[in-house]
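**Student:** A single structure is presented below for examination.
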Amino acid sequence: MFQKWIDKSMRKSPWIYHINAGSCNGCDIELVSVLTPRYDAERFGFHLTGTPRQADIVVVSGPITMQSVDRLIRTLAQVPEPKCVVSLGSCPRSGNVFKGSFAIAGPLEKYTHVDVSVGGCTPKPEAIVAGLAKAAEILEEKRREMRKHGGMAPSPAVAAAVEHEERAEFGTGDATAVRQGAEQEADA
Amino acid sequence: MQILIQLFHILVFPGLLFDVAMGVLLMGLNNKLVARMQNRVGPPILQPWYDFLKCCGKETIIPARAKRAVFLGSPYLGFVLLISVSMFIPFAGFIPVTMGSDLVVILYLLTFVSVCEILGAASSGSPFAGVGLSREMVAMISYELPFVLVILTVARAVGADQPSGAVFSLEGILAYQEMNGPLLFSPAAIPAAIAMLFVIPCETGMHPFDIAEAETEICEGMLAEYSGTPLAMYRLTHMVKVYTMSSLFVAMFLGNRFTGIVPVDILIGILLCIAVMFISAALPHAVCARLKVEQVFHFYWTVVTGFALAGLLLVWAGV
Ligand code: SF4
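Residue numbers (my numbering), protein chains in the order written: chain A, 7 to 194; chain B, 961 to 1279.
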């Protein structure tokens, strides 16, 4: 029963971590406006955290510049499972106005799976809230899946295995290797 | 039978379960009230509980550089210490552990709760946690001094005509208030009460004074590397601390037995805790932006310590 409660609360308290991967700042400002009194995403339990370790939903904005790609992968690797990746704006999906630039290493799908994509340049706050709510639902699903794979609460090893499968499904199996690499690098 | 009653007091009321429930209620109400004051709808009142459960369901990552045992152990140790603090604090006339129910013991144990948090942060090996823990120490130095002064004031006010000159036992304080009415109503204790109201948000790390957890500047500071169940324990500790501090205020300044009918007393106790939380935590949160490190230090060592000292002098002069 406790596990069921946890599943339910997954949806009710998704914490957001925002990665700016070379965004023009338009999307960032719109994301912040979602938390203001006018749209007040906090009423759904959304909360902007400062560290990837506590994040449930990772919001990526910007066209993934060469400079940011390494940091992006390392930051994504630090987020504990279950997690959702939301791409914010048109930039992370297609490169948008920056498409074709020598400094762009996008799209985002090259490096991770994307659960929800909120389009627009910039997306409307309403669309962002809707996208985040969708991501919260996916989060609950993922937690259920994880529980099925691992039986009880996921131990780190099980979570890593699940993650590996998920990544393989999305054709980005190398991300797991990168994760280990990043941790070792931090160690050294 | 005696043991069963004792166990009930320790585990259910007013011990562990009641502490957690009140912590969730106070924290949830705090979020809601702040949201209403900022013209927002605000999260549901049970939001802290959802946060806690969610954190339990996440993967626990132990950073490669962390000292495993300390990193994982200190959140639990902190929580246990905090619960043992709340065992000494009377609520509606019940004290789970009557032995050594003493303000000095409470002061020591509360410091240890913060020390546990610092230990965990220090063992995580993150530079952000390093900055956070140094800030937490500054906060501790800031609020400990007025806190000690307030405790001295209360002890003196209660024990002025006792042979020892001061009463530190909470039972003694309660008995005194039962005879002479709440301490808050005597003018000499009012500055001390004001100082105590300022100590509560800093001790619990509530918003304008949460320099150690400034999420926008130093990535959640001390909690930067925590995830999963240890993080959940930290959040729970934080919630229960809000309740512990406000019930300590109620016990110290307002007394416990208001009508003599237990359910009514419990209800009044809960309402008073909420009122204390509202004045000391929610109002500054809604009004004020996060202070800088030196501002916190400066504020506590001038204004708040000033209030506490004034209270102490008034009480010592026998006003
Ligand atoms: S989608 Fe538009 S607003 Fe958002 S980062 Fe890209 S260019 Fe800027």
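Glycine included, C-beta positions come from ideal geometry on N, C-alpha and C.
Going by CA-CA distance only, name the one from Ala1270(B), Ala1081(B), Glu1254(B) that's closest to Ser1187(B).
**Tutor:** The candidate whose alpha carbon is nearest that of Ser1187(B) is Ala1081(B).
**Student:** If you measure from the CB of Arg1051(B), is any heavy atom of the ligand SF4 nearer than 8 Å?
**Tutor:** The amino acid at residue 1051(B) is misidentified as Arg; the sequence shows Phe. Outside the cutoff, so no.
**Student:** Quick check: does the Cβ of Gly126(A) come within less than 8 Å of any heavy atom belonging to the ligand SF4?
**Tutor:** Yes; taking the cut-off as 8 Å, the Cβ of Gly126(A) has a heavy atom of the ligand SF4 nearer than that.
**Student:** What I want to know is whether the C-beta of Phe104(A) ends up closer than 8 Å to one or more non-hydrogen atoms of the ligand SF4.
**Tutor:** Checking every heavy atom of the ligand SF4 against the Cβ of Phe104(A), one is found closer than 8 Å.
**Student:** Within the continuous alpha helix (DSSP H) that includes Ile22(A), where are the two ends?
**Tutor:** Element bounds for Ile22(A): not the alpha helix (DSSP H) but the beta strand (DSSP E), 21 to 26.
**Student:** Report yes or no: do the stretch 1094 to 1107 of chain B and the stretch 1016 to 1032 of chain B share at least 3 C-beta pairs separated by less than 8 Å?
**Tutor:** Because the criterion of three Cβ pairs below 8 Å is not met, the stretch 1094 to 1107 of chain B and the stretch 1016 to 1032 of chain B do not touch.
**Student:** Exposed or buried, Ile963(B), counting other C-beta atoms within 10 Å across all chains shown (16 or more means buried)?
**Tutor:** Exposed, because fewer than 16 other Cβ atoms sit within 10 Å of the Cβ of Ile963(B).
**Student:** For the ligand SF4, any of its heavy atoms closer than 8 Å to the Cβ of Ser39(A)?
**Tutor:** Ser39(A) Cβ: outside cutoff for every heavy atom of the ligand SF4.
**Student:** DSSP three-state call for Cys1162(B): helix, strand or coil?
**Tutor:** Helix at Cys1162(B).
**Student:** Who are the Cβ neighbours of Met158(A) in its own chain at under 7 Å, not counting the five residues just before and after it?
**Tutor:** Here Met158(A) scores only 43 on pLDDT, less than 50, and its place in the model is too uncertain to base an answer on.
**Student:** Count the CB pairs spanning the stretch 138 to 146 of chain A and the stretch 97 to 114 of chain A that are closer than 8 Å, and state whether there are at least three.
**Tutor:** Flag = no, the stretch 138 to 146 of chain A and the stretch 97 to 114 of chain A do not touch.
**Student:** Pull up the distance between the alpha-carbon of Phe104(A) and that of Ala136(A), whole angstroms please.
**Tutor:** Rounded to whole angstroms, Phe104(A) to Ala136(A) spans 26 Å at the Cα level.
**Student:** Just to confirm, are Pro1035(B) and Tyr1194(B) a CB contact at a threshold of 9 Å?
**Tutor:** In this structure, Tyr1194(B) lies closer than 9 Å to Pro1035(B) by Cβ.
**Student:** Taking the alpha-carbon positions, what's the Thr42(A) to His24(A) distance?
**Tutor:** Spanning the two alpha carbons is a distance of roughly 16 Å.
**Student:** Going residue by residue through the stretch 55 to 128 of chain A, where are the continuous beta strand (DSSP E) segments of at least 3 residues, counting only ones entirely within it?
**Tutor:** Whole beta strand (DSSP E) segments, 3+ residues: 63 to 67, 90 to 94, 122 to 124.
**Student:** By the three-class DSSP mapping on this structure, what secondary structure does Asp13(A) have?
**Tutor:** Helix.
**Student:** For a contact meaning CB atoms closer than 9 Å, what does Leu1248(B) contact in chain A?
**Tutor:** In the sequence on display, residue 1248(B) carries Cys and not Leu. Simply none; closest approach about 17 Å.
**Student:** In chain order, what residues of the same chain lie with their CB nearer than 8 Å to the CB of Leu1144(B), ignoring the 5 residues before and after it?
**Tutor:** Contacts found: Ile1150, Ala1153, Phe1213, Leu1214.
**Student:** Closer than 6 Å by C-beta to Val939(B): which residues in its own chain qualify, once you throw out the five before and the five after it? Chain order, please.
**Tutor:** The requested residue 939(B) is not part of the displayed model; chain B covers only 961 to 1279.
**Student:** At a CB distance below 9 Å, what residues from the stretch 1157 to 1189 of chain B approach chain A? Give them in sequence order.
**Tutor:** Answer set for the stretch 1157 to 1189 of chain B: Glu1173, Ala1174, Glu1175, Thr1176, Glu1177, Ile1178, Cys1179, Glu1180, Gly1181, Leu1183, Ala1184, Glu1185, Tyr1186, Ser1187, Gly1188, Thr1189.
**Student:** Quick one, which of Gly1002(B), Gly1090(B), Val1114(B) has its alpha-carbon nearest Val1064(B)'s?
**Tutor:** It is Val1114(B) whose Cα lies nearest to the Cα of Val1064(B).
**Student:** Under 7 Å, CB to CB, which of the residues in the stretch 976 to 989 of chain B have a partner in chain A?
**Tutor:** So nothing in the stretch comes that close.
**Student:** Please confirm whether any heavy atom of the ligand SF4 lies closer than 8 Å to the CB of Leu1144(B).
**Tutor:** Flag unset: Cβ of Leu1144(B) not near the ligand SF4.
**Student:** Beta-carbon separation of Gly988(B) and Ile965(B) under 9 Å?
**Tutor:** Not in contact: Gly988(B) and Ile965(B) (Cβ atoms no closer than 9 Å).
**Student:** Please find out if some non-hydrogen atom of the ligand SF4 comes closer than 8 Å to the beta-carbon of Asn990(B).
**Tutor:** Checking the Cβ of Asn990(B) against the ligand SF4 gives no.
**Student:** According to DSSP, which residues form a beta bridge with Ser1129(B)?
**Tutor:** The partner list for Ser1129(B) (beta bridge, DSSP) reads Asp1062(B).
**Student:** Using beta carbons (cut-off 9 Å, strictly below), is Asn991(B) in contact with chain A?
**Tutor:** Yes, Asn991(B) lies at the interface with chain A (some Cβ there is under 9 Å from its Cβ).
**Student:** Output needed for Gly101(A): all residues of its chain with C-beta closer than 6 Å, excluding positions within five of it in sequence on either side, in chain order.
**Tutor:** Excluding sequence neighbours, Gly101(A) sits near Pro69, Ile110, Gly112.
**Student:** Within the stretch 984 to 1029 of chain B, note down every full beta strand (DSSP E) run reaching 3 residues or more, in order along the chain.
**Tutor:** The stretch 984 to 1029 of chain B contains no whole beta strand (DSSP E) run of 3 or more residues.
**Student:** Could you please give the first and the last residue of the uninterrupted alpha helix (DSSP H) stretch that includes Ile1239(B)?
**Tutor:** Element bounds for Ile1239(B): n/a, residue is neither H nor E.
**Student:** Since Lys1252(B) meets chain A, which of its residues come closer than 9 Å, beta carbon to beta carbon?
**Tutor:** Going along chain A, no residue has its Cβ under 9 Å from Lys1252(B), so there is no contact; the nearest lies around 17 Å.
**Student:** If you check the beta carbons only, do Gly32(A) and Thr128(A) fall under 9 Å apart?
**Tutor:** It is a contact, given that the beta carbons lie within the stated cut-off.
**Student:** State yes or no: is the beta carbon of Arg173(A) nearer than 9 Å to at least one beta carbon in chain B?
**Tutor:** Model confidence at Arg173(A) stands at a pLDDT of 43, short of 50, so the residue's coordinates are unreliable and nothing is read from them.
**Student:** Is Cys1076(B) close to chain A? Criterion is C-beta to C-beta, closer than 9 Å.
**Tutor:** Taking Cβ atoms only, chain A never reaches closer than 9 Å to Cys1076(B), which makes this a no.
**Student:** Within the present structure, is the beta-carbon of Ser1074(B) separated from the nearest heavy atom of the ligand SF4 by less than 8 Å?
**Tutor:** No, the ligand SF4 has no heavy atom inside 8 Å of this Cβ.
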